[in-house]
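Going by UniProt numbering, the first residue of the sequence shown is number 1, and it counts up by one from there. Where is the CB? At the ideal position from N, CA and C, for every residue including glycine. This one's a predicted model, so the numbers in the text were calculated from it and none came from an experiment. Here is the structure we will look at, set down as structure tokens.
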Amino acid sequence: MQMYKNIKHSLVFLLILSILFGTTGCVKNEKLPQEDQNVDQRVELADVNEAEEPNEEQEIGEEEKEEITEIDYQKVRPNELGHIMIIMYHGIVESDPPSPYQRTVEGLKEDLKYLYEHGYRLISMRDYIDNNITVEAGYTPVILTFDDGISSSFSLIEENGELKPTPDCAVDIINKFYEEHPDFGRHAVFYINGDNDPFAGDGTFKERLEYLINNGYEVSNHTYSHAHLSKLGAEEIQEQIGKVDQMIKEALPGYTLDSFSYPFGERPKEELRHLVEKGSYNGKEYSYRIGLREGPSGPFVPVNHIKFDPFNVPRVRGSRGEEGDLGWYFEYYEKHPEYRYISDGNPNRIAVPVEQEQNVNMDSLGDKELYIYTVEE
Numbered sequence: 001m002q003m004y005k006n007i008k009h010s011l012v013f014l015l016i017l018s019i020l021f022g023t024t025g026c027v028k029n030e031k032l033p034q035e036d037q038n039v040d041q042r043v044e045l046a047d048v049n050e051a052e053e054p055n056e057e058q059e060i061g062e063e064e065k066e067e068i069t070e071i072d073y074q075k076v077r078p079n080e081l082g083h084i085m086i087i088m089y090h091g092i093v094e095s096d097p098p099s100p101y102q103r104t105v106e107g108l109k110e111d112l113k114y115l116y117e118h119g120y121r122l123i124s125m126r127d128y129i130d131n132n133i134t135v136e137a138g139y140t141p142v143i144l145t146f147d148d149g150i151s152s153s154f155s156l157i158e159e160n161g162e163l164k165p166t167p168d169c170a171v172d173i174i175n176k177f178y179e180e181h182p183d184f185g186r187h188a189v190f191y192i193n194g195d196n197d198p199f200a201g202d203g204t205f206k207e208r209l210e211y212l213i214n215n216g217y218e219v220s221n222h223t224y225s226h227a228h229l230s231k232l233g234a235e236e237i238q239e240q241i242g243k244v245d246q247m248i249k250e251a252l253p254g255y256t257l258d259s260f261s262y263p264f265g266e267r268p269k270e271e272l273r274h275l276v277e278k279g280s281y282n283g284k285e286y287s288y289r290i291g292l293r294e295g296p297s298g299p300f301v302p303v304n305h306i307k308f309d310p311f312n313v314p315r316v317r318g319s320r321g322e323e324g325d326l327g328w329y330f331e332y333y334e335k336h337p338e339y340r341y342i343s344d345g346n347p348n349r350i351a352v353p354v355e356q357e358q359n360v361n362m363d364s365l366g367d368k369e370l371y372i373y374t375v376e377e
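Given below as structure tokens:
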């Protein structure tokens with residue numbers, strides 16, 4: 001037997017709109033401004049002609065395309081309270097990594113191949129935070145992050161007047177893997193400092209960031225000088241965060257920063273931790289929605305889980321050979337697949353086995369449906 005719970009807020013606003021449009025003739029021919037939803041935050045590099053208003057038939061067609069196919073829950077057995085790994089990389093080297101924080105070119109290629117072949121699919125940090133998981137039913141979302149703005153993770157070279165990723169930097173490797181496996185996705189977040197010429201190479205700072213944003217990647221804050229936040233006072237913390245926040249926003253007007261990466265995984269003193277979430281520097285405010293640690297500081301639970309701690313989000317070190325690193329977790333989830341997040345393919349529904357129902361944070365659901373089902377043995 002299955003239990004079905006549909007958690008939705010009433011849409012009184014739509015009713016009010018329908019009354020307004022039905023009774024107020026003066027608004028009939030006015031064009032309402034579109035809300036800036038910052039969906040994929042792509043930077044427009046050329047003028048784009050305004051799209052024509054879709055007619056009623058086109059809108060119906062689009063609705064039909066967005067229909068979600070119902071799945072066999074007993075076959076797929078989704079668990080949308082399961083673990084979502086956030087993998088942490090730094091630099092990419094040819095051979096002999098000097099530390100577990102570096103990965104070789106071949107090692108990164110092997111990681112992508114393993115993830116793809118074992119049912120993982122890349123998602124953006126924005127979708128993770130917004131609880132907008134769109135991966136195909138039966139697959140597990142995963143997030144790639146790169147700290148420090150190192151040129152081996154991403155840089156540009158100019159060829160025949162065109163800026164392209166440097167061969168064998170992380171972005172080049174991900175791009176080429178995506179070309180061969182477009183269903184894998186193409187996403188990663190790059191956390192930068194401000195005092196080290198982020199992504200050093202050809203192109204301006206603005207051009208480097210624009211390339212990332214226009215190709216499905218994200219960029220965010222790792223403090224100005226890779227600071228030990230645990231040793232700083234309130235003004236210094238806000239300066240470290242605010243400088244990079246303003247630096248990115250000046251290069252990418254209108255871009256929103258949502259996630260923050262703690263240098264060394266260190267958080268500020270407890271009484272100052274709120275300054276990561278919100279603060280100000282030089283009269284300009286900043287705000288973040290999650291903060292990422294250096295390693296496995298807790299379970300890799302998604303935002304709907306009661307144990308999700310937004311400013312203590314764990315990451316997996318992108319290396320192999322040590323306990324708690326990426327290779328270790330690959331083996332762990334092979335032995336314990338029941339802990340993996342398994343998508344039901346419907347971003348508007350959160351599907352959870354009945355034994356996990358008590359772990360759902362009901363306040364996190366918004367207008368999404370909660371579907372509780374019983375696994376039939």
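Coil, strand or helix - residue i by DSSP
{"i": "leucine 212", "result": "helix"}
{"i": "lysine 284", "result": "strand"}
{"i": "phenylalanine 205", "result": "helix"}
{"i": "lysine 269", "result": "coil"}
{"i": "phenylalanine 21", "result": "Any reading at phenylalanine 21 is ruled out, since the residue's pLDDT is 39, under 50, leaving its predicted position unreliable."}
{"i": "asparagine 221", "result": "strand"}
{"i": "aspartate 309", "result": "coil"}
{"i": "lysine 109", "result": "helix"}
{"i": "tyrosine 373", "result": "strand"}
{"i": "arginine 103", "result": "strand"}
{"i": "histidine 83", "result": "strand"}
{"i": "glycine 248", "result": "Correcting the residue type first, residue 248 is isoleucine in the shown sequence and not glycine. Reduced to three states, the DSSP call for isoleucine 248 is helix."}
{"i": "glutamate 322", "result": "coil"}
{"i": "aspartate 130", "result": "coil"}
{"i": "glutamate 136", "result": "coil"}
{"i": "valine 189", "result": "strand"}
{"i": "glycine 242", "result": "helix"}
{"i": "tyrosine 89", "result": "strand"}
{"i": "leucine 275", "result": "helix"}
{"i": "serine 364", "result": "helix"}
{"i": "aspartate 197", "result": "coil"}
{"i": "isoleucine 350", "result": "strand"}
{"i": "valine 171", "result": "helix"}
Cut-off 7 Å between Cβ atoms - residues of its own chain near residue i, not counting five sequence neighbours on either side
{"i": "tyrosine 339", "result": "Gly82, His83, Tyr333"}
{"i": "proline 296", "result": "Pro314, Val316, Gly324"}
{"i": "tyrosine 211", "result": "Leu156, Leu163"}
{"i": "phenylalanine 311", "result": "Arg273, Val276, Glu277, Ile290, Gly291"}
{"i": "serine 124", "result": "His187, Glu218"}
Pair within 7 Å by beta-carbon distance, residue i and residue j
{"i": "alanine 188", "j": "serine 343", "result": "no"}
{"i": "methionine 85", "j": "valine 142", "result": "yes"}
{"i": "phenylalanine 184", "j": "tyrosine 89", "result": "no"}
{"i": "histidine 120", "j": "threonine 140", "result": "Note that residue 120 is tyrosine in the sequence shown, not histidine. Yes. Within cutoff."}
{"i": "alanine 227", "j": "proline 268", "result": "no"}
{"i": "leucine 112", "j": "phenylalanine 190", "result": "no"}
{"i": "serine 151", "j": "alanine 200", "result": "yes"}
{"i": "alanine 251", "j": "lysine 206", "result": "yes"}
{"i": "leucine 229", "j": "glutamate 270", "result": "no"}
{"i": "glycine 318", "j": "isoleucine 87", "result": "yes"}
{"i": "aspartate 202", "j": "glutamate 158", "result": "yes"}
{"i": "valine 301", "j": "serine 364", "result": "no"}
Other residues of its chain near residue i: CB distance less than 6 Å, five sequence neighbours each side excluded
{"i": "asparagine 132", "result": "Pro347"}
{"i": "proline 198", "result": "Gly149, Ile192"}
{"i": "arginine 289", "result": "Ile129, Asp258"}
{"i": "valine 354", "result": "Ile372, Thr374"}
{"i": "leucine 292", "result": "Ser261, Val313, Arg315"}
{"i": "arginine 349", "result": "Glu369, Tyr371"}
{"i": "glycine 194", "result": "Tyr224, Lys243, Val244, Met247"}
{"i": "glutamate 305", "result": "Correcting the residue type first, residue 305 is histidine in the shown sequence and not glutamate. Once the five neighbours on either side are set aside, the close Cβ partners of histidine 305 are Leu81, Asn359."}
{"i": "proline 165", "result": "Val171, Asp172"}
Local Cβ density within 10 Å of residue i, reported as buried at 16 or more and exposed below that
{"i": "glutamate 162", "result": "exposed"}
{"i": "serine 95", "result": "exposed"}
{"i": "glutamine 74", "result": "exposed"}
{"i": "serine 99", "result": "exposed"}
{"i": "aspartate 147", "result": "buried"}
{"i": "methionine 362", "result": "exposed"}
{"i": "glutamate 218", "result": "buried"}
{"i": "threonine 145", "result": "buried"}
{"i": "glycine 321", "result": "exposed"}
{"i": "tyrosine 79", "result": "A quick correction: the sequence has asparagine, not tyrosine, at residue 79. Answer is buried; the Cβ neighbour count reaches 16."}
{"i": "glycine 327", "result": "buried"}
8 Å Cβ shell around residue i - same chain, five flanking residues per side excluded
{"i": "isoleucine 173", "result": "Ile92, Val105, Leu108, Lys109, Leu112"}
{"i": "glutamate 376", "result": "Gln74"}
Residue-level contact to chain D via CB, residue i, 7 Å cutoff
{"i": "proline 165", "result": "Absent from the structure: chain D. Only one protein chain is present."}
TODO: Take every Cβ of the segment 236 to 248, pair it with every Cβ of the segment 278 to 292, and state whether three or more of those distances are shorter than 8 Å.
DONE: yes
Open item on the list: Counting beta carbon pairs with one atom in the segment 216 to 227 and one in the segment 244 to 260, are three or more of them shorter than 8 Å?
Closed with: yes
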